[in-house]
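Chemist:
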DNA sequence: GACATCGTACTCGGATACTAGATGTCCGAGTGCTCAGGG
DNA sequence: CCCTGAGCACTCGGACATCTAGTATCCGAGTACGATGTC
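Protein chains in written order, with the numbering used here: chain V, 988 to 1145; chain B, 988 to 1145.
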């Protein structure tokens, strides 16, 4: 899995604490000491997926496009890592004996079904957790986190 | 995910129908028109993982090392794709404000927890399905499959 | 005729190239602020 | 003093290198069969 997924999730949580202000890729990257240009690339992907909105120019930056409750972890994974399943059925059964060239072995093959089923539970789990859930849990553990984040962003403004 | 996982699973199911005879990588590859040497590499990985046993020389080949009921799909995924989770927590929080260098953010980070939880359900699902389960299901749908496979192997003996 | 030994053919095993995708970087496109100039 | 417009500084956006890991291949190690020669 793409490493940018982790960056994107943390950045989205931080953005949920930015109280509506646009935050630049530069500051988001400085927060965790990440390469700015590469993080920017991931943020672009989130923007294309409709998770973030972006504004160019001075006072520009990124912010969440919708309520954090409506942004699931799956949304982020799909945006960064693509919609394809990890297990790709290449339909090798079509080369085997008694194969039906018209059949869709992605659906018919029992192994493909089992793998798809497992990935489905995985995705359901990720779809059931939103950025807001993550934020709430973090706040429960360390209530000062949002303020710390805002202060950090303020200090990075120099 | 490594493409060899699919090959390995189909080959294990076929081996479960080989009635104890060793099958060469050459024949297993010819079955689905796969590159022999590369499939051999995957079979080696299965052997190292203790899923298959291998014998060199004439009348050599591969066979299942244990009862198909005790070979889960997860075993195969781990053998081919490695034991690492897809999501690797790089502990970027250690670069953030108020970080504790001694803490293990793989365990502490809420995002890491959520991702690990999702992958856990995924692995549980795969661990609950054995090669024997797959075989049974295939036989239920097409009872002639094992015989077809044995015949195919016999015809490939030339 | 029977046995032992050598040779041979066949298969697994790991070391070695090749290639695609992830990682990382750079420059152009777009936008709001600032400041100068004129009314 | 206020308004207008051009310049500028800053940021996003996508095109361009680099590098790891998956893909593919080849040759050596190991083993059983069979042929051959001898007793």
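Glycine is no exception: its CB is placed at the ideal position from the N, C-alpha and C atoms.
Would you say residue 1145(B) faces chain V, with C-beta separation under 9 Å as the test?
Modeler: Reliability fails at residue 1145(B), whose pLDDT of 46 lies under 50, so the model's placement of it is uncertain and the value that follows must be treated cautiously. No, its Cβ sits nowhere closer than 9 Å to a Cβ of chain V.
Chemist: When the Cβ atoms of the region 1038-1054 of chain V are set against those of the region 1087-1101 of chain V, are three or more pairs found closer than 8 Å?
Modeler: no
Chemist: Could you check which residue in 1105(B), 995(B), 1129(B) has the C-alpha nearest to that of residue 960(B)?
Modeler: The structure shown does not extend to residue 960(B), since chain B is modelled only from 988 through 1145, so no value can be given for it.
Chemist: Where does residue 1131(V) land, buried or exposed, given buried means 16+ other C-beta within 10 angstroms?
Modeler: exposed
Chemist: Give the list of continuous alpha helix (DSSP H) stretches no shorter than 4 residues that lie fully inside the region 1104-1131 of chain B.
Modeler: 1118-1128
Chemist: Is the number of C-beta pairs between the region 1043-1062 of chain V and the region 1104-1114 of chain V that are closer than 8 Å three or more?
Modeler: yes
Chemist: Any C-beta of chain V within less than 9 Å: which residues of the region 1089-1107 of chain B qualify?
Modeler: 1095, 1096, 1097, 1098, 1099, 1100, 1101, 1102, 1104, 1105, 1106, 1107
Chemist: Using beta-carbon positions only, say whether residue 1032(V) and residue 1023(V) come within less than 9 Å of one another.
Modeler: no
Chemist: Following the continuous alpha helix (DSSP H) through residue 1039(V), name the residue where it begins and the one where it ends.
Modeler: From DSSP, residue 1039(V) is part of no alpha helix (DSSP H) but of the beta strand (DSSP E) over 1039-1042.
Chemist: What's the call for residue 1142(V), buried or exposed, on a 16-neighbour Cβ count within 10 Å?
Modeler: Under this definition residue 1142(V) is an exposed residue.
Chemist: Any idea what DSSP makes of residue 1074(B), helix, strand or coil?
Modeler: coil
Chemist: Quick one: list the residues of chain B neighbouring residue 1125(V), beta-carbon separation under 7 Å, in chain order.
Modeler: 1097
Chemist: For chain B, check one thing: does any of its Cβ atoms lie closer than 9 Å to the Cβ of residue 1010(V)?
Modeler: no
Chemist: Please report the distance separating the alpha-carbon of residue 1096(B) from that of residue 1020(B).
Modeler: Going by the C-alpha atoms only, they are around 46 Å apart.
Chemist: Cα separation between residue 1066(B) and residue 997(V)?
Modeler: 32 Å
Chemist: Applying the 10 Å Cβ sphere with the 16-neighbour rule, what's the burial state of residue 1145(B)?
Modeler: Because the pLDDT of residue 1145(B) is 46, which lies under 50, any placement of that residue in the model is unreliable, and the question is left without a value.
Chemist: At a Cβ threshold of 9 Å, is residue 1085(B) touching chain V?
Modeler: yes
Chemist: For residue 1012(B) and residue 1129(V), I'd like the C-alpha separation in whole angstroms.
Modeler: 56 Å
Chemist: Of all the residues that make up the region 1061-1074 of chain B, which are near chain V by a beta-carbon distance shorter than 7 Å?
Modeler: For the region 1061-1074 of chain B, residues whose beta-carbon sits nearer than 7 Å to a beta-carbon of chain V comprise 1073, 1074.
Chemist: To the nearest angstrom, how far is it from the Cα of residue 993(V) to the Cα of residue 1015(V)?
Modeler: 13 Å
Chemist: Can you tell which of 1102(B), 1043(B), 1079(B) has its C-alpha closest to the C-alpha of residue 1071(B)?
Modeler: 1102(B)
Chemist: Give a yes or no on whether the minimum CB-CB distance between residue 1006(B) and chain V is below 9 Å.
Modeler: no
Chemist: Checking contacts by CB at 9 Å: is residue 1049(B) closer than that to chain V?
Modeler: no
Chemist: For residue 1085(V), does the three-state DSSP call read helix, strand or coil?
Modeler: Residue 1085(V) sits in coil when the DSSP states are folded into three classes, being neither helix nor strand.
Chemist: Starting from the Cα of residue 1054(V), find the closest Cα among 1030(V), 1086(V), 1094(V), 1006(V) and give me that residue.
Modeler: 1006(V)
Chemist: Kindly indicate the opening and closing residues of the beta strand (DSSP E) around residue 1051(V).
Modeler: 1048-1051
Chemist: Who are the near neighbours of residue 1056(V) in its chain, counting only those whose CB is closer than 7 Å to its CB and skipping five residues on each side?
Modeler: 1117, 1119
Chemist: Mapping the DSSP letters down to three states, classify residue 1059(B) as helix, strand or coil.
Modeler: DSSP places residue 1059(B) in strand when its eight states are reduced to three.
Chemist: Using the Cα positions of residue 1082(V) and residue 1043(V), report the straight-line distance between them to the nearest angstrom.
Modeler: 52 Å
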